[in-house]
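Here the protein sequences come in this chain order: A and B.
All residue numbers for the first sequence refer to the numbering used here, where the first residue is 1 and numbers rise by one.
All residue numbers for the second sequence refer to the numbering used here, where the first residue is 1001 and numbers rise by one.
Cβ atoms here follow ideal geometry from the backbone N, Cα and C, with glycine treated the same way.
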Amino acid sequence: MLICAHHLAFNYGDSRILENVNIDVEKGDYLVIAGANGAGKSTLIKGLVGLKKPQEGVIHYSFEHKSNGLGYMPQQHVFQKDFPASVEEIARTGLPRDKGFSPFFSKAEKREVLRILNLLGIGDLARKSFSTLSGGQQQRVLLARALLASRELLILDEPTAGLDPLVTAEFYQILGTLNAKGTALVMVSHDLKLALKDANKVLYLQEGIAQLYSKNDFLQSEIGKKVVQK
Amino acid sequence: MTLLTEMFSYSFMVRGFIVGFIISLCAALLGSPLVLKRYSMIGDGLSHVSFGAMAIATALNWAPLSLAIPLVILASVILLNLSEKGTLRGDAFLGLISTGSMAVGVSAISLTKGMNIDVTNYMFGSILSMTQGDVYLSLVLGALIILSFILFYHEIFAVTFDETFARVSGGPYKAYKMLLAVLTAITIVLGMRMMGAMLISSLILFPAFSAMQVFGRFYQLIIASAILGVTAFLLGMVLSYFYALPTGASIVLINMSFFIIFYLIGRRKNA
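In structure tokens form, the structure reads like this:
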């Protein structure tokens, strides 16, 4: 068990938006968090990565959270799109920095960064300027950064927002491959059809209630049929 | 040449030169992360707070820095934390703080009689007002900032690029932000009396923004920004001495021309 959380409740401002949320993420899981806009998906993700304290309930992690047991891919800020930095430099910020302060990275660290970039098919862009990349390439760089932080568990908040359908499909393919190699994924997604190809669990948020389904149960449920048909 | 020697034969010029050089360097270094994080206007807000604090201190007959430094540090920490959320509140609050402190400052000055000279000094700066104490303080500040940028380069980079990610992956990200807030505050307070409350934020904005037009890497940006800031100071100083112009304004004029040149180079590069 990587994450084990029971009876979580979250407020947004003063109003309770989520209640009695139960989440179990096991090794190799691929959990999709879905629901309408404003259902509390992003709030829940922020809770899971420790950016927002739940009003009730506790989240247990099987790893030391603060030493990079989890790779997080937040939604991209507008200003990051033209940030003056190379692909390599940005990916490196995912590396654990627990070896004290040094302005330099070791050879092994640089090799690891390049290995992950190659894994995601962007090794040849390592020295390119981040701002010159396409939206899909930028998202891969941020995915690489998250992977450098953790190979065990990635938490992604709408990673394909704003990408065109073709690039989105490619991105989900990469996620599927990573998951098949053993990386657990927890992801907020609007592209349920694509996500459900490889996912094994769905957490559906609706009117403050979070219902956890296995993929097949979800596909056969009322809401599942409705959502996937769209 | 003889004019240059003459310029440095005055001890107040030498003091102003040292403090100004270091402040320009510090402001330009801090400028890169501040401008990239969309905190550009914090320098402006802080200079107004600094103005208010110094006016009150003068009215009470206290040493200006003893009140200004702690107050501006406090304001800096509050403002950096507020604008973290990028909400309307943070933006409006910056305006409230800066106009509010300006009003307090102006009132304090008008209630104290016989202080008209100081107002212009605080508004538009004066190179003559640097004391030996300012020289020491700026030397310490300069050393601190340069050391921070060398030792914590990657941390500053990470926090500037993506604070959310930096927070999640642990590490004392809050400490870096506090460090940035404190160093910015001291730079503003020290630089304000040279550049004036109205112009000090230009030292933070111009070099970084000019460099950004041309350079595409964070380290290049920081180095180029530092060089631009210091060069603009040197040329501005000479301009001000020879044409009897206010120092602050002269430095901004040079910075403006640098910006135009870099903007044109940047456009050609991207075309």
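Here DSSP, grouped into helix, strand and coil, assigns A210(A) to strand.
Taken in chain order, the whole beta strand (DSSP E) runs of length 3 or more contained in the region 138-193 of chain A are 153-157 and 184-188. Contact check for L120(A) against R140(A) passes: the beta carbons are separated by less than 8 Å.
Excluding the 5 residues flanking it on each side, K1177(B) has same chain C-beta neighbours closer than 7 Å at L1080 and V1159, in chain order. Segment contact: the region 1238-1245 of chain B against the region 1021-1029 of chain B, fewer than three CB-CB distances shorter than 8 Å; contact not assigned. Nearest to A1055(B) by alpha-carbon distance, out of V1252(B), G1045(B), T1120(B) and F1262(B), is T1120(B).
For G1216(B), the residues of chain A that pass the 9 Å Cβ criterion are P84, A85, S86, S129, F130, S131 and T132, in the order they occur in the chain.
Assignment of beta strand (DSSP E) within the region 1180-1263 of chain B, counting only whole runs of 3 or more residues, yields no such run. Counting other Cβ atoms within 10 Å of its Cβ, Y1136(B) stays below 16 and is therefore classed as exposed.
In its chain, beyond the 5 residues on either side, Q75 have a beta carbon closer than 7 Å to the beta carbon of A161(A). By the Cβ criterion, the region 52-61 of chain A is not in contact with the region 127-144 of chain A, since fewer than three pairs of Cβ atoms, one from each stretch, lie closer than 8 Å.
The three-state reading of DSSP puts R127(A) in coil, since its state is none of H, G, I, E or B. Of the candidates S1050(B), G1266(B) and V1140(B), the residue whose Cα lies closest to the Cα of Y1122(B) is S1050(B). Among the residues facing chain A, M1256(B) is not included, as its CB has no counterpart in that chain under 8 Å away.
Take the alpha-carbon of G1095(B) and the one of G208(A): they are about 37 Å apart. Beta-bridge partners assigned by DSSP to M73(A): L156(A). In this chain, Y30(A) is not harboured by any alpha helix (DSSP H); it is covered by the beta strand (DSSP E) spanning Y30 to G35. Residues of chain A whose Cβ lies closer than 7 Å to the Cβ of R1167(B) are, in chain order, L51. Chain order gives the chain B residues near E89(A) as F1157, R1217 and F1218, where near means a beta carbon separation below 8 Å. Flagged as an interface residue toward chain A: L1221(B), by a C-beta distance shorter than 8 Å.
In the structure shown, the three-state DSSP call for R1038(B) is coil. N1255(B) is classed as buried because its beta carbon has at least 16 other beta carbons within 10 Å across all chains shown.
Taking C-alpha positions only, H190(A) is separated from Q206(A) by approximately 14 Å.
The shortest CA-to-CA distance from S1129(B) to any of L1190(B), A1103(B), G1142(B) and V1140(B) is the one to L1190(B). In this structure the region 78-88 of chain A lies against the region 1215-1235 of chain B, because at least three pairs of beta carbons, one per stretch, are closer than 8 Å. Using a Cβ distance threshold of 8 Å, G47(A) and L95(A) do not count as a contacting pair.
The C-beta distance from A1211(B) to L1199(B) rounds to 19 Å, too long to fall under 8 Å, and the pair is not in contact.
Residues of chain B whose Cβ lies closer than 8 Å to the Cβ of P159(A) do not exist, since the nearest Cβ in that chain is about 13 Å away.
DSSP places F1157(B) in the uninterrupted alpha helix (DSSP H) bounded by Y1153 to F1161. Residues of chain A with a Cβ closer than 7 Å to the Cβ of F1021(B) do not exist, since the nearest Cβ in that chain sits about 24 Å away. Distance check between K215(A) and each of D29(A), K110(A), G50(A) and F10(A) places D29(A) closest, using alpha-carbon atoms only. Proximity of L1179(B) to chain A, defined by a Cβ-Cβ separation below 8 Å, is not satisfied. Under the Cβ distance rule, M1212(B) counts among the residues neighbouring chain A, one pair being separated by less than 8 Å. Only residues of its own chain outside the window of five on either side were considered, and among them F1218 have a CB closer than 7 Å to the CB of F1157(B), listed in chain order. K1269(B) sits exposed, since fewer than 16 C-beta atoms from the chains shown fall within 10 Å of its C-beta. Comparing C-alpha distances from S1047(B) to each of S1110(B), M1195(B) and V1019(B) shows the shortest one belongs to M1195(B).
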